[in-house]
Amino acid sequence: MRKNSEADPCPLSSAVDQIGDAWMLMILWTSYEGVTRFDDYQKKLGVARNILSNRLRRLVELGILEKRPVREGARRLEYRVTPKGDELRGPLGDIRRWGQRWERDLLPSPALT
Numbered sequence: 058m059r060k061n062s063e064a065d066p067c068p069l070s071s072a073v074d075q076i077g078d079a080w081m082l083m084i085l086w087t088s089y090e091g092v093t094r095f096d097d098y099q100k101k102l103g104v105a106r107n108i109l110s111n112r113l114r115r116l117v118e119l120g121i122l123e124k125r126p127v128r129e130g131a132r133r134l135e136y137r138v139t140p141k142g143d144e145l146r147g148p149l150g151d152i153r154r155w156g157q158r159w160e161r162d163l164l165p166s167p168a169l170t
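Quick note, the sequence shown lines up with residues 58 to 170 if you use this note's numbering.
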């Protein structure tokens with residue numbers, strides 16, 4: 058984690074320290090697409106279960122996702138985007154659109170692989 062000077066805190070650095078992990082961003086985007094259950098995240102993203110568990114736990118700790126029963130009295134849980142998490146939809150959508158626009162430039166050059 059990067060340390061900011063108290064005299065010059067950087068909100069971007071703080072945000073990246075909290076949610077800048079690629080898996081966290083992909084999990085959050087997948088949540089926007091309607092995925093709510095652990096096994097469905099795992100299937101859609103192909104992420105290892107231990108990494109998924111860790112990142113979901115962190116997103117809940119940060120208040121970006123919330124964990125709740127699928128229905129009242131149920132033992133199975135689902136993850137839902139909180140209002141705090143929903144505020145990231147616009148910025149993540151902008152990054153996604155940028156990636157779509159510049160996709161060819163972002164791919165590794167065949168000469169480098």
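Glycine included, each C-beta is placed from N, C-alpha and C at the ideal position. Source: prediction; values computed, not measured.
Contact check, residue i vs residue j, beta carbons under 8 Å
i           : j           : result
residue 113 : residue 122 : yes
residue 186 : residue 135 : The structure shown does not extend to residue 186, since the chain is modelled only from 58 to 170, so the question has no answer here.
residue 142 : residue 102 : no
residue 80  : residue 117 : no
Residue i (DSSP reduced to helix, strand or coil)
i           : result
residue 137 : strand
residue 119 : coil
residue 68  : helix
8 Å contact criterion, which residue i and residue j should meet: CB distance rounded
i          : j           : result
residue 70 : residue 138 : Going by Cβ atoms, the distance from residue 70 to residue 138 rounds to 24 Å, so no, they are not a contact pair.
7 Å CB neighbourhood of residue i in its chain, flanking five on each side removed
i           : result
residue 78  : 112
residue 92  : 98, 101
residue 156 : 163
Close beta carbons around residue i, own chain, < 8 Å, minus the five adjacent residues each side
i           : result
residue 153 : 86
residue 133 : 94, 126, 127
residue 75  : 119
Any 3 or more C-beta pairs closer than 8 Å across the segment 147 to 156 and the segment 120 to 127 | Touching, no, given that fewer than three Cβ pairs across the two stretches are closer than 8 Å.
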